[in-house]
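Asker: Chains as they are written, first to last, in this note's numbering: chain V, 85 to 575; chain Z, -12 to 602. Beta carbons are placed, not taken as given, at the ideal position from N, Cα and C, and that holds for glycine. This one's a predicted model, so the numbers in the text were calculated from it and none came from an experiment. Below are the C-alpha cells for one structure; questions will follow.
The structure is reproduced here in C-alpha cells:
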C-alpha cells in the first residue's frame, strides 16, 4: 500500500519545508544579532559551541536529524502510539515538578549532564496527537457532550501539569487547541464566550477606578453590565433564533438602560448599578420562562451565561486585588495602560518598542542595532527576539518575517484541510493553532499589544528544547501528510 | 457526513489569521515608520555624550600684560550605585574630611531639589575645584576607592589683585539660564559678573563632545563610529582691555578707605583707561574652593564691594554739570561768552530765600563763572532759557534742554560693555508737570542747573562729559575691551556720537575749565608742563558733601579725560582734584614725581568715616 504512493521524498510538502527552513535560518541570524556583543572575534565565532549561537546551531542540527528519523515512522503508527506518548509525557511532566531544580520560581527544566530539557515542549506534540487520535475515531461526535468534555479534558490535563510547573505562560498555549475544536464543529459559542470574557476583564479592570462625572458609580462595572446585555442579546439573536424573544429583550434592555441613565443624570440621582442588575435579572427570568413556553434549551444556556459573566467579572476583581501578587498585578495594570512604570514592569516593553521603533524602514543593519548590541532589551535573544529583527532589519525585514510566518501557518492549515481523515486534519490544525498562538502572543507582546507572557517565538527564540519541540511537531505532520491518500477527500 | 457542515469555518479561521497579520503590520508601521520619537530614545539610551571643555579666552591689559588666565582644577565626582564597597573611613582620611562631611556631601548630591539631575548611574559632584596641589596629594590613593572619579576643569586665575568688579568672575550656570540657552548644561561655568559676563560669548569658546556607546548598565563600551561624530572644543577668544592695569592699581590705592569711583577715558577712542569702584576686592578671592565662602562674605558687606559704583552709582554731579549747562546756553544763544550775571552770595529764589554761592567777584561772565564755579550764573542762565520767548512755553524749553543733556550721554545708559549699567536721571517737562503742577515755574527746578535736584549721573557719564569736552563735541561710547582676537569690536564702540552743542562753544567751555585750573577751584590739578583742564564738583546730599572732579589733559591734544567721585569727601578740591591730578600725571608721564608720590601716600592713608550704615 505504501509502495503505491511512491518515494517519500516526492510526497513531502516541500513548500512547508522551505518555509520552515527559511524561518529557521532567519531565526538563527536574529540570535546572532542579539548575542553578537558577547562574541569576540570573527563571524566563525558564531559556530563556536561555547556561544549561544553555536549551541542553537547544534540544536538545529539535532532537530533536523530527529525530523528525518520521525519521517520513517508511519502515520498509523503515530495514531496507534498516541495515547502511550500522551500518558508518558504527562507522567514525565508530573515527575518534572518534583525533580526539577527551581529556576526563577519555575520547575520545568530537567538536567541530564550538561543538557537541560523542558519536557513541556514535547507535551504539545503528545497532546496534539492524542486529540487527533481521539477525534479521529469513527464513533466520535462533537455534538455529544461526553465526547466534547473528553476532548476538553485532553487539553486541560497538560495545562494543569504545566501550571504546576509554574509556567503559566506555556500553559495558556493549550487554549489554542479550542480553535481546533471549533473547526471540528464545536459551537462557536465557546469562542464567543472566551472573547467576551477577555473584553469584560479588560474593560472592567481598566475603568474600575473611573467614576461617572455626575454619579457616584464606577464606569468599569457599569460598562460590563451593558456589555453583558449586548453579548447575551446577540446570542439570543444568532443562536436561539427566536425573533420575538430577541425583540422583547432588546427593547427592555436598550430602553431600560438609556431611560435609567438619563433619569439618574437629569432628574433624580440614584445608583444606576441597581437598575442594571434589575434588567439583567429580568433577562434571566424571561429566558427561563421562555424555556417552558417554547421548549428552547438554548435559552437556559444564555441565562446561565448572564449569571456566569457577572460571576466572572466579580471574581476577576477579586483575583486582581486579593489573589495576584503585586508584581503580577502591576504587569496587568501596565498592559492596560493604568500604570506607566518604565523602570519596572513596563521596562521590557518600553525598551522593546524603542528598539523596534528606532529601526525605521530599513533598519540599522545586521549587528548594528544599538538597543540590541548594548543590551537594553532584557531577554532579547529569547522572548524578545523580534525586537532585534525590528531594530536591525527595520520595517521591511520584520514585516517580511511576519508575512513568512503567516504564510507558514496558512500553509499548515491548507495541508490540514486536504487530509483524508480527521486524525490528520485535527493534528494539522493543532499545529497551526499552536504556531498561531505563539506568533500572536509573542509578537503582540513585543509590540506592546498583548500581555508580557513568557512564550517563545517558534524557530526564532533561543532555546534548544523549544526548537526541537516545534520541529518534531512539524516533521510528524509532514509524514502524516505524506501518507495521506491524495485521491480521498474528507470534504 | 457531519463534516460537510463545518468546512466553511476554514475561511473564518484563515480570515482571522490574515486579519491579525494586518493588525500587526499596521501597528508595526505605526511604531517604525510614523514615529521619530523612538529613534531619539534609542540614541539617548545608547549614546553617551561626554563634553570636553574649551579653554576660556585670556584677558590682557592695554599694554599686553596678562591679567586673567586659566588654571586646571579638579572636581571629584562619584557614581552613587558604585559606592557599595567603599571604605568610607579610609576615604575620608585621604580627603581630609570628617565622616559627617562625607555624609553631608552625599546627601546634598541626592537632594533632588538642589540637584534635579540626580541619578544613581551618572556622575554626581562630590567636591569641586580642588587645586592642582590638593589633587596631587590625594591622586595616588583615589583610584583605590571604586566609584569616585576626577573631572578636570579650568578655573580662572589672576595676575593682578585689582579690577575685581570689572573683570567679574565665573560660576556654575543657573537653572534659569539653562532654560533660556540650550548651550549650557548643568554644572557648566558661565561668566556671572563684569567682563566675564558681558563677553561670555567671546570668552567661552565652544564646548566639544565626544560620543561614546553606553550599554544598559551605564558602562562605556567605546567610541561611537571611531570618533566620526565627535566635535572638537574650540578655545575662547582672548581679549585685550583698554584698561591700564597700573593706572587701575594707583586708582584703587588712592581710593582706599573711601567710597567712590574713578573713571578715566581716552577721549579720542572712548577706551576706558581705568575704572575704579571703591571699596574694591581682590579677584583672586573668588577662585578656588574658598569662592563660595568669600562670595557670601563680599555680598553681605554693607559697603557693597561687588557693586561697580562707576556704572551702577547714580550721583548728583554737582558743579561738574555746569559745563554742560554752559554748552547748552551758548548753543541756544541764551548767553554769549560775554554775558555776565550778578552774584551777591547766590541766586534769589524768592524774596527771602537764596540759592547760596560762595564769595567771588561779581558780576561774572562765563569763563570766570566756570573757573569759580558760580552758582548764580548758571541759575540765571537756566531761568533765562526756561522763560525765553524763543520757545513756545516753558515745557518746550525744558524738553529742548533735556535733548541737549541726552545728546551728551545723560539720562540713558551709555552702553558700556559691562553688565548692570545705570541710566542716571535727567528730568523733562512731563516729569515736572506731574511732580509739581502743570503750572510749574523755573525757580522750582533751578537747582538742576548746578547738578543738584533731580539730576543724577554715573561717574562714567561724568567722565564721558569730560571726554566729550576734550573732543570738542563728540564722543565714542566708553568701553573696556579694546581688541578681540580675530574679530572687530562692536561697531558702536568705533562710531563717534555728536553732542548738540557746536565745536565753537566747546572751545569757550574749555577755556573756562583751563581757567579753573590756573586761577579757579582746581588749582591743585595743575601738573607742571601739562595744560590741564578741570572742573570741581561739590555735591550736596543728605550727609556730608560728595567730592567730585572732572577734567582732561592736555588741553589741545587730550589723551585722558577723567571723573573722580568720592562719597562724603567734602569740597571737590579736597579729594576729587588731587586724585584726578595724580591719575592724569601717572598716565601722561608714566610715573609719579616724588612729590606726587608723597601726596598719593597721604591720600591713600586718609580715612573717611562712613559709620556702620548700609550703603
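1. Run the CB neighbour count on residue -10 (chain Z), radius 10 Å, all protein chains shown included, and call it buried at 16 or more, exposed below.
2. Is residue 0 (chain Z) close to chain V? Criterion is C-beta to C-beta, closer than 9 Å.
3. Quick check on DSSP: helix, strand or coil for residue 460 (chain V)?
4. Classify residue 94 (chain V): buried if its beta carbon has 16 or more other beta carbons within 10 angstroms, exposed otherwise.
5. Cβ of residue -6 (chain Z) less than 9 Å from any chain V Cβ?
6. Do residue 496 (chain V) and residue 516 (chain V) count as a contact pair if the criterion is CB distance below 9 Å?
7. Which residues, taken in chain order from the segment 249 to 271 of chain V, show a beta carbon closer than 8 Å to some beta carbon of chain Z?
8. Using C-beta distances below 6 Å, list every residue in its chain close to residue 203 (chain V), excluding the 5 sequence neighbours before and after it, in chain order.
9. Please classify residue 520 (chain V) as buried or exposed, where buried requires at least 16 other C-beta atoms within 10 Å of its C-beta.
10. Would you say residue 435 (chain V) reaches chain B, if we count a Cβ-Cβ gap shorter than 9 Å as a contact?
11. Kindly list the residues whose CB is nearer than 8 Å to the CB of residue 39 (chain Z), restricted to its own chain and excluding five residues on each side of it in sequence; keep chain order.
12. On the three-state DSSP scale, how would you describe residue 250 (chain Z)?
13. How would you write the range of the beta strand (DSSP E) that residue 262 (chain Z) sits in, first residue to last?
14. Report the rounded CA-to-CA distance for residue 74 (chain Z) versus residue 594 (chain Z), giving the unit in angstroms.
15. Assess, as a yes-or-no matter, whether the segment 545 to 560 of chain Z is touched by the segment 519 to 536 of chain Z under the definition of 3 or more beta carbon pairs within less than 8 Å.
16. On a Cα-Cα basis, can you pick out the residue from Z:-1, Z:370, Z:525 that is closest to residue 263 (chain V)?
17. Do residue 306 (chain Z) and residue 525 (chain Z) have their C-beta atoms within less than 9 Å of each other?
18. Please go through the same chain and pick out, in chain order, the residues whose beta-carbon is closer than 6 Å to the beta-carbon of residue 216 (chain V), but skip the five residues on each side of it.
19. Are the beta-carbon atoms belonging to residue 539 (chain Z) and residue 564 (chain Z) less than 9 Å from one another?
20. Would you say residue 212 (chain Z) touches the ligand SAM, meaning its beta carbon is less than 8 Å from a heavy atom?
21. In the DSSP output, which residue or residues are listed as bridge partners for residue 517 (chain Z)?
22. At a Cβ cut of 9 Å, what residues of the segment 453 to 477 of chain V count as close to chain Z, listed as they run along the chain?
23. For residue 264 (chain Z), which option in Z:443, Z:82, Z:291, Z:453 has the closest C-alpha, if you only look at C-alpha atoms?
24. Does residue 403 (chain V) pass the burial test, meaning 16 or more other C-beta atoms within 10 Å, or should it be called exposed?
25. Does the distance from the C-beta atom of residue 566 (chain V) to that of residue 155 (chain V) stay below 9 Å?
26. Which residues of chain Z have a Cβ atom closer than 7 Å to the Cβ of residue 520 (chain V), listed in chain order?
27. Do residue 45 (chain Z) and residue 246 (chain Z) count as a contact pair if the criterion is CB distance below 9 Å?
28. By a C-beta neighbour count over all protein chains shown, 10 Å radius and 16 as the cutoff for buried, is residue 502 (chain Z) buried or exposed?
29. Using 10 angstroms around the beta-carbon of residue 334 (chain Z), count the other beta-carbons present and answer buried if the total reaches 16, otherwise exposed.
30. Any C-beta of chain Z sitting closer than 9 Å to the C-beta of residue 441 (chain V)?
31. Mind checking if residue -10 (chain Z) is an interface residue toward chain V, Cβ cutoff 9 Å exclusive?
32. Which word fits residue 87 (chain Z), buried or exposed, when buried means at least 16 other C-beta atoms lie within 10 angstroms of its C-beta?
33. Classify residue -12 (chain Z) as helix, strand or coil using the three-state DSSP reduction.
34. In three-state DSSP terms, what is residue 200 (chain V)?
35. Whole angstroms is fine: what's the gap from residue 443 (chain V)'s alpha carbon to residue 195 (chain V)'s?
36. Can you tell me whether residue 91 (chain Z) is buried or exposed, with buried defined as 16 or more other CB within 10 angstroms of its CB?
Answerer: Taking the definition as stated:
1. On the second chain, position 3 is the one that residue -10 (chain Z) refers to. Only weak support is given to the placement of residue -10 (chain Z): the predicted model assigns it a pLDDT of 47, under 50, and the question is left unresolved by the model.
2. Indexing the second chain from 1 puts residue 0 (chain Z) at position 13. For residue 0 (chain Z), the answer is yes, since a Cβ of chain V falls inside 9 Å of its Cβ.
3. As a working mapping, residue 460 (chain V) is identified with position 376 in the first chain. If DSSP states are grouped into helix, strand and coil, residue 460 (chain V) belongs with coil.
4. The sequence position of residue 94 (chain V) within the first chain is 10, counting from 1. Counting Cβ neighbours within 10 Å, residue 94 (chain V) comes out exposed, since fewer than 16 surround it.
5. Start at 1 with the first residue of the second chain, and residue -6 (chain Z) comes out as number 7. At least one chain V Cβ lies under 9 Å of residue -6 (chain Z).
6. Residue 516 (chain V) sits at position 432 when you count from the first residue of the first chain. Residue 496 (chain V) sits at position 412 when you count from the first residue of the first chain. Against a cut-off of 9 Å, the Cβ pair of residue 496 (chain V) and residue 516 (chain V) comes out as a contact.
7. 263, 266, 267, 268, 269
8. The count along the first chain starts at 1 and reaches residue 203 (chain V) at position 119. Same-chain partners within the cutoff: 176, 177, 180.
9. What you label residue 520 (chain V) is simply residue 436 of the first chain in a count that begins at 1. With 16 or more other Cβ atoms within 10 Å, it is buried.
10. The question asks about chain B, but that chain is absent: this structure's protein chains are V and Z.
11. Locating residue 39 (chain Z) in the second chain gives position 52, counting from the first residue. Same-chain partners within the cutoff: 194, 195, 196, 197, 219, 220.
12. One-based indexing of the second chain puts residue 250 (chain Z) at position 263. Note: residue 250 (chain Z) maps to strand in three-state DSSP.
13. Walking along the second chain from the start, residue 262 (chain Z) turns up at place 275. Segment 258 to 265, the beta strand (DSSP E) holding residue 262 (chain Z).
14. Counting from one through the second chain, the residue named residue 74 (chain Z) turns up at place 87. Counting from one through the second chain, the residue named residue 594 (chain Z) turns up at place 607. Straight-line Cα distance between these residues: approximately 56 Å.
15. yes
16. Position 179 of the first chain, counted from the start, is the residue given in the question as residue 263 (chain V). Of the candidates Z:-1, Z:370, Z:525, the one whose C-alpha sits nearest the C-alpha of residue 263 (chain V) is Z:-1.
17. Along the second chain, read from residue 1 onward, the residue named residue 306 (chain Z) stands at position 319. Along the second chain, read from residue 1 onward, the residue named residue 525 (chain Z) stands at position 538. Yes, they are a contact pair.
18. In the first chain, counting from the first residue as 1, residue 216 (chain V) sits at position 132. Here the set comprises 507, 510, 511.
19. The sequence position of residue 539 (chain Z) within the second chain is 552, counting from 1. The sequence position of residue 564 (chain Z) within the second chain is 577, counting from 1. Contact: no.
20. The model depicted lacks the ligand SAM and carries no ligand whatsoever.
21. Within the second chain, numbered from 1, the residue matching residue 517 (chain Z) stands at position 530. The partner list for residue 517 (chain Z) (beta bridge, DSSP) reads Z:514.
22. 453, 454, 455, 457, 458, 459, 460, 461, 462, 474, 475
23. Counted from its first residue, the second chain places residue 264 (chain Z) at position 277. Residue Z:291 is the option with its Cα nearest to residue 264 (chain Z).
24. Residue 403 (chain V) sits at position 319 when you count from the first residue of the first chain. Answer is exposed; the Cβ neighbour count stays below 16.
25. In the first chain, residue 566 (chain V) corresponds to position 482, counting from 1. In the first chain, residue 155 (chain V) corresponds to position 71, counting from 1. For residue 566 (chain V) and residue 155 (chain V), yes; Cβs fall inside 9 Å.
26. As a first step, residue 520 (chain V) must be located in the first chain, where it is residue number 436. Within 7 Å Cβ-Cβ: 4.
27. Against the second chain, residue 246 (chain Z) aligns to sequence position 259. Against the second chain, residue 45 (chain Z) aligns to sequence position 58. No; because the gap between Cβ atoms is not below 9 Å, this pair is not in contact.
28. The residue you call residue 502 (chain Z) lines up with position 515 of the second chain. Counting Cβ neighbours within 10 Å, residue 502 (chain Z) comes out buried, since at least 16 surround it.
29. If you number the second chain from 1, residue 334 (chain Z) lands on position 347. Flag for residue 334 (chain Z) reads buried.
30. By one-based count along the first chain, residue 441 (chain V) stands at place 357. Interface residue, yes.
31. Within the second chain, numbered from 1, the residue matching residue -10 (chain Z) stands at position 3. With a pLDDT of 47 at residue -10 (chain Z), under the threshold of 50, the predicted position of this residue should be treated as unreliable, though the coordinate-derived value follows. Chain V contact via Cβ: present.
32. For the purposes of this step, residue 87 (chain Z) is taken as residue 100 along the second chain, with counting starting at 1. Flag for residue 87 (chain Z) reads exposed.
33. Against the second chain, residue -12 (chain Z) aligns to sequence position 1. Low per-residue confidence applies at residue -12 (chain Z): pLDDT is 40, beneath 50, and the placement is therefore not dependable, though the value from the model is reported in the following sentence. Residue -12 (chain Z) falls in the coil class under three-state DSSP.
34. The sequence position of residue 200 (chain V) within the first chain is 116, counting from 1. Three-state result, residue 200 (chain V): strand.
35. As a first step, residue 443 (chain V) must be located in the first chain, where it is residue number 359. As a first step, residue 195 (chain V) must be located in the first chain, where it is residue number 111. So the alpha carbons of these two residues sit roughly 38 Å apart.
36. To locate residue 91 (chain Z), count along the second chain from 1; it is residue 104. Its Cβ having fewer than 16 others within 10 Å, residue 91 (chain Z) is exposed.
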